[in-house]
Each structure stands twice: as structure tokens, then as C-alpha cells.
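For reference, the structure discussed in these notes is given below.
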Amino acid sequence: AKISKGLSKTREQFSSQLKNIFTANVKIDDDLYEELEEILISSDIGMKSTIEIVDNLKFEIKARSIKEPEKIFPLLKEIMIAKLDEKNLDNSLNIKDNELTVILVIGVNGVGKTTTIGKLANNLEKQGKKVILAAADTFRAAAIEQLDSWAKESNTPMISHKEGSDPSAVIFDAIQSAKSNKYDVLICDTAGRLHNKKNLMNELEKINRTISTHANKANKETLLILDATTGQNAISQLREFKNVCDITGLILTKLDGTAKGGVIFPLQVELEVPVKYIGLGEGINNLEKFDSKSFVESMF
Ligand code: GDP
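First residue of the sequence shown? That's 65 in UniProt numbering, and the numbers climb one at a time after it.
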């Protein structure tokens, strides 16, 4: 229900356009398929996925000799869900019992990184996990303060140094603290500068080295935060970040504020990185686990 509410803008656009073309006595012909293609593309589903979805639909309609337009929606849903699941990616967060998990959170400024960390900490705390935060975006004092207010709201301790200090040193301290106090999950905020790729790469490399040296037995996740309202821009951000580090999952934010929800298709299917959570609002509870079935159902 929460996903359905959060995706209302995407649904309003996608579903109302669909209903416009799939009228009661519409002829199922190439014109209809073309119109469907346009709708899928205008919902940011992307050319490649769109063509494959429509081709599959054509094939199934023929194979099952479907004549009634009302039977097409359930079939289209089924095909879209299968498309999202095509690469068999693991959409769940890799967290184990009695083992530290280090989650490195990356993404450009403004995408909702800090907010998402707050939500995720709160979500994991509610599942009974002991969570600690590392304020490793030391570039802006405001970033440390902002994370601190989320830490308080989610009742999670936070390790921070002063502005301008070495992010790896913050993470080192946080790992020591997480290990000695037997925390389950350490979530690390990082600076979101993409304009200087070499710097970013060096910084992430150093952070990764710190993690593998000092928390070598820990599970690791590297989550990239992307803002759904930026549509195609989210795709290029994923491409850029994929070039500099191993991303294990995505969190797509601000889906409540956009009709571009279809962008999840190119992100997960074409770039093959699993979406793990979606952000559906500014509040601490507006984070949901992603699963393709409820997502697609909410588009209709
Ligand atoms: P950061 O610079 O990446 O750390 O971004 P922030 O966490 O400061 O978020 C930037 C803005 O996006 C803030 O105003 C947040 O409230 C807002 N925001 C973050 N996630 C969501 C979301 O899922 N939905 C909506 N509507 N707003 C969000």
C-alpha cells in the first residue's frame, strides 16, 4: 500500500496513458504496439527494455490467441515483472547474524544520501540490528551536522571527526567502535563529489583499503544513491560510479515526486545493478524494500 501511494505520480502518467489506448474495442495491431512503445519510453523505461517488453507482449498475445484488450494488462504486468527479474539479481541487503556488515553509501550531493542513511539506520534498528554511523563526508560541516540529526532521530550512535579530516580515519575509528561494541551494521556516509573523478577514486580506494584491512571479515555493501526525479541523469551517474567502484546495490530516492519511476528498468536490467530500497518521501519511515512485483503492480 505504501509503495502504491508513493508511486502515484508514475502510475498517474503511465496508467492513464495505457487506459487511453487500450479502450474496449481497440484493434490489436501494429499501431497499438507503437503507441504502447511510446508510453513505455515516455515513462523512462528505456529503448532496449521497451522494445523487448513489446516484442514479448506481441509474442504472448499471439501464442495465447488473446483477442480481448482487458486480458492484455495482466499479461503486460507479468512481462514487465519478468523483465525486471531477468538478470536474477539479489535485491536484498547482505546482512548476516553475528557478523559486522559495513555499508558504504555513495552518491552525488542532493540525491538524498544523508536522508536515506537515516531511514536505513532506523529501518535496520527496527529489525533489531545494532547500527552505528560514520560521518565520512568530512568535506562539508553541514553534512556532519545533518547526519547527526538523523542519528538522533533514529537513535543510532555516530562517529565523527571535525570538518576537513581524513574520511578513512573516521571509518577506521567507526570500525574499531563497531567491533568492540559488537554492532551488526556500520553505515558510512561519504562525500558526493563527482566533478573530480581522480580525487573521488583515490578517496574511495583509500576507504576500501581501510575497510578491508580493519574489517576484513565483515560483509560489505556499496550502495549508490540515485535521485529518480533526474531520470536519465541517474543512469549516467550509475555508469560513472560503476567505473570507479564495485557497486553492490542501488537505492532510488524521491520516487514520490516523479513520474519517471520507469527508470528502474534501465538501471537494474541494462546496467545490472540490483535496486535494494526505494525512497518514497522525506520522513524516516519512507523507505521500502524493492521488489519487482509490487513495483510493477503499483505502476498500474
Ligand atoms: P544528500 O545531499 O545526498 O545528503 O541529500 P539529502 O539527504 O540532504 O536530501 C536532499 C533533499 O531530498 C532533502 O530535502 C530531502 O528531504 C529530500 N529527499 C530525500 N529522499 C527523499 C524521498 O525519497 N522523497 C522526497 N520527496 N524527498 C526526499
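By construction, the Cβ of each residue, glycine as well, lies at the ideal position given by its N, Cα and C atoms.
Here the structure is a predicted model, which is why all the values come from computation and not from measurement.
May I ask you to list the residues that DSSP assigns as paired with residue i?
{"i": "D291", "result": "T317"}
{"i": "A200", "result": "T254"}
At the level of alpha carbons, what is the spacing between residue i and residue j?
{"i": "K122", "j": "L100", "result": "11 angstroms"}
{"i": "H278", "j": "V234", "result": "12 angstroms"}
{"i": "L211", "j": "N187", "result": "16 angstroms"}
{"i": "Y247", "j": "I223", "result": "13 angstroms"}
{"i": "D161", "j": "L316", "result": "26 angstroms"}
{"i": "A298", "j": "F137", "result": "28 angstroms"}
{"i": "S113", "j": "G321", "result": "23 angstroms"}
{"i": "K177", "j": "L314", "result": "11 angstroms"}
{"i": "V360", "j": "L264", "result": "35 angstroms"}
{"i": "A323", "j": "D355", "result": "18 angstroms"}
{"i": "S80", "j": "Q296", "result": "22 angstroms"}
{"i": "G70", "j": "L319", "result": "7 angstroms"}
{"i": "T294", "j": "S129", "result": "40 angstroms"}
{"i": "N307", "j": "Q332", "result": "16 angstroms"}
{"i": "V169", "j": "I181", "result": "8 angstroms"}
{"i": "Y341", "j": "K353", "result": "4 angstroms"}
{"i": "N89", "j": "L96", "result": "12 angstroms"}
{"i": "G262", "j": "V339", "result": "The sequence shown places Lys at residue 262, not Gly. Cα-Cα distance, rounded: 26 angstroms."}
{"i": "L140", "j": "C309", "result": "35 angstroms"}
{"i": "F203", "j": "L335", "result": "30 angstroms"}
{"i": "Q191", "j": "P133", "result": "44 angstroms"}
{"i": "N266", "j": "A199", "result": "18 angstroms"}
{"i": "N260", "j": "I145", "result": "38 angstroms"}
{"i": "K151", "j": "T165", "result": "25 angstroms"}
{"i": "residue 367", "j": "F78", "result": "There is simply no residue 367 to check, as the chain begins at 65 and stops at 364 in what is shown."}
{"i": "N155", "j": "D94", "result": "35 angstroms"}
{"i": "G174", "j": "T87", "result": "41 angstroms"}
{"i": "N245", "j": "F305", "result": "32 angstroms"}
{"i": "S72", "j": "K135", "result": "23 angstroms"}
{"i": "D291", "j": "L302", "result": "11 angstroms"}
{"i": "I275", "j": "S106", "result": "42 angstroms"}
{"i": "N349", "j": "A127", "result": "44 angstroms"}
{"i": "K226", "j": "M111", "result": "46 angstroms"}
{"i": "S213", "j": "A205", "result": "13 angstroms"}
{"i": "L153", "j": "A65", "result": "24 angstroms"}
{"i": "L280", "j": "I115", "result": "Looking at the sequence provided, one finds Asn at residue 280 rather than Leu. Taking the straight line from one Cα to the other gives about 44 angstroms."}
{"i": "T74", "j": "S362", "result": "9 angstroms"}
{"i": "E269", "j": "I159", "result": "23 angstroms"}
{"i": "L131", "j": "N120", "result": "Correcting the residue type first, residue 131 is Lys in the shown sequence and not Leu. Looking at the two C-alpha atoms, the distance is approximately 16 angstroms."}
{"i": "E209", "j": "D201", "result": "11 angstroms"}
{"i": "residue 369", "j": "E98", "result": "As displayed, the chain neither begins before 65 nor continues past 364, which places residue 369 out of reach and without an answer."}
{"i": "K357", "j": "G343", "result": "17 angstroms"}
I'd like to check one pair, residue j with residue i: are the Cβ atoms closer than 8 angstroms?
{"i": "A185", "j": "S218", "result": "yes"}
{"i": "P231", "j": "I271", "result": "yes"}
{"i": "I239", "j": "P221", "result": "no"}
{"i": "K193", "j": "V118", "result": "no"}
{"i": "L157", "j": "E285", "result": "yes"}
{"i": "D108", "j": "G345", "result": "no"}
{"i": "I311", "j": "L288", "result": "yes"}
{"i": "A207", "j": "D253", "result": "yes"}
{"i": "E163", "j": "N283", "result": "yes"}
{"i": "L351", "j": "K216", "result": "no"}
{"i": "I125", "j": "I92", "result": "yes"}
{"i": "M148", "j": "F364", "result": "Checking the displayed sequence, the identity of residue 148 turns out to be Leu instead of Met. Against a cut-off of 8 angstroms, the Cβ pair of F364 and L148 comes out as no contact."}
{"i": "V172", "j": "G228", "result": "no"}
{"i": "L82", "j": "I103", "result": "yes"}
Does residue i get closer than 8 angstroms to chain B when you measure Cβ to Cβ?
{"i": "E132", "result": "The structure shown contains no chain B; it holds only a single protein chain."}
Beta strand (DSSP E) runs contained entirely in the segment 220 to 289, provided each spans 3 or more residues: For the beta strand (DSSP E) assignment, the uninterrupted runs of no fewer than 3 residues enclosed by the segment 220 to 289 are, from N- to C-terminal side, 249 to 254.
Secondary structure, beta strand (DSSP E): runs of 3+ residues fully inside the segment 145 to 206: At a cut-off of 3 residues, the continuous stretches assigned as beta strand (DSSP E) that sit fully inside the segment 145 to 206 are 165 to 170, 195 to 200.
Those runs of the beta strand (DSSP E) which lie wholly inside the segment 318 to 364 and span at least 3 residues: Listed in chain order, they are 339 to 343, 351 to 353.
Continuous alpha helix (DSSP H) assignments of at least 4 residues falling wholly in the segment 75 to 122: Within the segment 75 to 122, the complete alpha helix (DSSP H) runs of at least 4 residues are 94 to 106.
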